[in-house]
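One structure is given here, and the rest of the page talks about it.
Protein chains in written order, with this note's numbering: chain A, 10 to 259; chain B, 18 to 243; chain C, 5 to 597; chain D, 14 to 280.
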């Protein structure tokens, strides 16, 4: 009788501990996944730089993929109304540690299609899992080259046709890691590894950073050729901050 | 009853059926010391050790020949070869090594004297062997100092092909000298145990003298090429 | 530093370790080398199977391959780098750990001291080290399979700068190359110890009456090979050390200036690419003869016993083998005709390369001429010996082509070369190993091998080997480049059916080797007990007091030699032969002696 | 058993010779001015090697067949002439054979590698890198712009490291991923490797030369037949070795000029 009572006590205490811990954790998650957002557009002023055409004649398969649409380099892609595509936007200041270290669960996809990388620039969170897939019937090689000392370790793997996706992640913040295909030297892209919420501009240069908690931040826009720009934004709880950027053509 | 056949005419057949005179010693005879009595050690060193040491030295020589040709080719392959003056301590080290050869030779002759039965008055091979050992160690230490002097000048292994070859060649030689030192220690030990055989001592001293010659060659090479 | 006290009258060890593991008995060491070679050849053969399947059906998923390497075979499909890694390991393991260890180190260690009538090698501890050092080298080589991005993909020739710039040049080019070079350097040390013993044994440990000309041809093969080994491996070792330094110490022995890999300018300067090739091939070509000369000796030794007559000329054969050894150092440049070497030196190298065919031809003619008028006995050993001759001829004639720089323009780095060296060096040497195994197994283990299985094994191997390697020459003529993991070039597509044929043949022939493995194991334990001299042979290994020979080979007293090694086809008291140790006069009808 | 073995050897020997005689697989068509001696040398060598091959294999088979038969009482015979005869035969037959081959071969080789390029040869630079060839034409000014290794960037398609902003000579250089040459004009090919060892091999052109990093070599040749051919790398250069190739277009002078214009526009 006495022993049973003691057991009940133990169980009760245990439940209380679990509950309190649980609520604390949940509470943090709620904070990190803020429901505000930052939106805006990135434009290029001046004439867009000349993008060389890509000669894929080395690999007839690649040539066949673009028979009636000549391929150009994608270092600077200007869309309708001077919108800049493939610009990465992320919050460089203002996030608390927890908010910055929250990792989204979805896996962004880096596809090898027609012997080009789509997207040309893939943004992701530190420790966020991303997927490298191939849609081509020729063997590709993926060779990310992080800067030495940045805390990321480079790798170099090939993907034969029909090989399963490579799923991995990056340990440290780095904007941006250059990606090459050693078999097709013209294939080149970027991994932008950032802390906290991020976004990449679409073809017309528009973007929206979601899940931004209330607060005032510095938003940084990175373009592989034109460098970075920053802007201060304030986001009210559940509200929308706005930040537009304009890069000057070199 | 075996069938009788006409044998093929083959020059081997024309040799006598007696045991021929040019024969080896069957291996391993003369090789056991007579109960540690140094006087009673066989005068004639069995061939295997002496042949073996020559074969071994041939291999070592070949290795350094390869490195030499590598040096020559590499020097000619590009214009990035930077000359530098050798640390002067190397010449002092050379003297040390030469001296060690002399002392080792003295020790060897004294042991030979033992075995010939004509014992000199105050002959003490062990002492001379210790001196040789000391000289050898001083040589290696000297080489190390030479390295320190070079690195003090900012000449490291990867600084320039010339310094690379300097370190590689001296290191390879020093490594072989260490082997020789091991041999010397072994000889001293056996001398103390009174189980030393002429063959062991002769082989060791040949090796040691070869290290000497090799070093003088290397010194010339480095002096001429660096 | 060379202790002799182990040479004479040392008591056999009793503990298991000293007896079977760290033994200083040359016979045990020989068996250990044989075991190492067996393990290595099984690995090498398995790798070649994977490669062949991939070449025949490039995108075929080999079930379970991803267990071997998750990166190398995602979804069981082999990646280009993994193919090259397997290829490199296949070449390295086969050349170093099979073709060098089995015919030279394994049989040489076991039988050379017995054939010269010695109790043991003069430096048994060096001998023991020789094996264990080689074993460590093998472990290091295999270890590179378990590094992050696998073994090196640079091919067994490891041309710089691909091998020297490091991981930036591809998977396995960092740690993989370092392990490779370290393993080879260690291997060289082991073989130097071995050669030291072989040479000294042959020169100084011969028993009474055993003059140099009374040495059996197998002993001559090992002796000449050991001299080559001493010089060749002494050159490869420093080369490997320089290669390692380029990796770990940032030196520039082999890496030229201004190299740009993956858009990164490499920090090296002024290294010489050709330097590596010169150093490597100065070793590499003699290495080919290091693989084949012992096989020649073994095959000659087996043949005379089964032809029941001596060679047409013992001495000419020995001189020819010696000539091969000497010339092999003057011809290495024929590997570099189109490598950017001075075109004039290409011509200079082509003539000795052509001239080396003369001693080879003499050797073949002596074999054929001795076959003429002989009393040939057909058994598995002699079948493999004769098969080796056939293979050596087939592989040898393609040398005519590759010796000429002008033809090298068309044939360099094609499958023609691959076919050539597989036949003349690999298959011929392996046939020599098989022949020696079937011939000497009774002496080594005291039991006969199964002849029926042996003959089946021979037929499958002989026909299979031709089915695999003859088509290689056709592929080469059609311009099929070697070391391609897939054939994407338009003019190579039509050749894929030939590759599929080869793949099938390779799988079948490889499977046939399991018969040999079974025969080895079964005969070892359950074979018929062997008599002391099953082949009625004359050389010293057949006059040991017991079978297998006792610890000191001759039971305390050394044999005395009265005759040349091969006294066959004459009237002796025992039959148509007279043992080397028999003091009897050689009685022959009409003999003036 | 022995008879079966003898027969097998003969079947294999003759069987392997048939595809050679029938040229089932043979050298590709020769479209070069210098290739003829090579092909002749090849046939010569093939004939001599083939004869030696068949002769010795068949001899081996015959001896095995003949002398494995038990012949009680019959004494062992020596080969007529003995070892000495064989040695002399080897020296005379094989010796003269190989020396002849060597001499003619050396002549063919020298005619290709030891002759200077013609003064009017068209200079083209080929750069090999992991794992593609890129070709550079000097453009109207006829001079190649200087190479800046630190500027080489595949990401920016600056394969040769040209500084078009500062180097006048580099401005008009034409860089292409495929090689076009006019028919019947001598080409002077300047070979440069950007990273590791590679090789330039066009079977039809009878051209084969390795790229040596740190050492720029040059070869010269003349194509005689219009068409599309493959340039392949034969020197193991890494994981993409099997896929390192480029196409060679041999075209008429007019087509070549147009091609140059077209490429210049794409720069």
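We put the CB at the ideal spot given by N, CA and C, even for glycine.
- The continuous beta strand (DSSP E) containing residue 150 of chain A extends over residues 149–154.
- Neighbours of residue 172 of chain A in chain C, taken as residues whose beta carbon is under 7 Å from its own, are 78, 79, 81 in chain order.
- Counting the other CB atoms within 10 Å of its CB gives residue 475 of chain C a total of 16 or more, which places it among the buried residues.
- Here DSSP, grouped into helix, strand and coil, assigns residue 237 of chain A to strand.
- Taking the beta carbon of residue 84 of chain B as reference, the chain C residues within 7 Å of it are 242, listed in sequence order.
- Listed along chain C are 172, 266, 267, 268, each with a C-beta nearer than 9 Å to that of residue 154 of chain A.
- Boundaries of the beta strand (DSSP E) around residue 120 of chain A: 118–122.
- Under the DSSP assignment, residue 156 of chain C falls outside any alpha helix (DSSP H); it carries neither an H nor an E label.
- The three-state reading of DSSP puts residue 30 of chain D in helix, counting H, G and I together.
- When DSSP states are grouped into helix, strand and coil, residue 131 of chain A belongs to the strand group.
- Between residue 439 of chain C and the set C:424, C:455, C:426, C:425, the nearest pair of CA atoms involves C:455.
- In the structure shown, residue 257 of chain C falls within a coil segment according to DSSP collapsed to helix, strand and coil.
- For residue 208 of chain C, the uninterrupted alpha helix (DSSP H) run begins and ends at 179–208, by DSSP.
- Of the residues assessed, residue 225 of chain A falls on the exposed side of the cut-off, its CB having fewer than 16 other CB atoms within 10 angstroms.
- Across the region 204–222 of chain B, CB contacts with chain C closer than 7 Å involve 214, 216, 217, 220, 221, in sequence order along the chain.
- Following the DSSP letters along the chain, one finds residue 264 of chain D inside the beta strand (DSSP E) bounded by residues 258–264.
- Not flagged as an interface residue toward chain D: residue 123 of chain A, since no C-beta distance is shorter than 8 Å.
- Within the region 109–154 of chain D, the runs of beta strand (DSSP E) that reach at least 3 residues and sit entirely inside it are, in chain order, 135–142, 145–150.
- At a Cβ-Cβ threshold of 8 Å, residue 215 of chain D and residue 240 of chain D do not count as neighbours.
- By the neighbour-count definition (other C-beta atoms within 10 Å, threshold 16), residue 237 of chain B is an exposed residue.
- Boundaries of the beta strand (DSSP E) around residue 185 of chain A: 183–189.
- For residue 194 of chain D, the enclosing beta strand (DSSP E) stretches over residues 192–195.
- In the structure shown, residue 201 of chain A adopts extended strand secondary structure according to DSSP, grouped into three states.
- With a 10 Å radius around the Cβ and a threshold of 16 neighbouring Cβ atoms, residue 276 of chain D comes out buried.
- Following the DSSP letters along the chain, one finds residue 61 of chain A in no beta strand (DSSP E), marked with neither H nor E.
- DSSP, reduced to helix, strand and coil, places residue 342 of chain C outside both helices and strands of the structure shown, so it counts as coil.
- Proximity of residue 243 of chain D to chain A, defined by a Cβ-Cβ separation below 8 Å, is not satisfied.
- With respect to the 8 Å criterion, residue 160 of chain C and residue 95 of chain C are classified as neighbours on the basis of their beta carbons.
- The three-state reading of DSSP puts residue 575 of chain C in strand, counting E and B together.
- Against chain B, a Cβ distance below 8 Å from residue 261 of chain C picks out 95, 97.
- Counting along the chain, no alpha helix (DSSP H) covers residue 140 of chain A; the unbroken beta strand (DSSP E) around it starts and ends at 139–143.
- A:143 is the residue among A:132, A:136, A:143 whose C-alpha sits nearest the C-alpha of residue 120 of chain A.
- In the DSSP assignment, residue 284 of chain C falls within the alpha helix (DSSP H) that extends over 277–311.
- A direct Cα-to-Cα measurement between residue 96 of chain B and residue 208 of chain D gives close to 19 Å.
- For residue 249 of chain D, the secondary structure class from DSSP, reduced to helix, strand or coil, is coil.
- For residue 231 of chain A, the three-state secondary structure derived from DSSP is strand.
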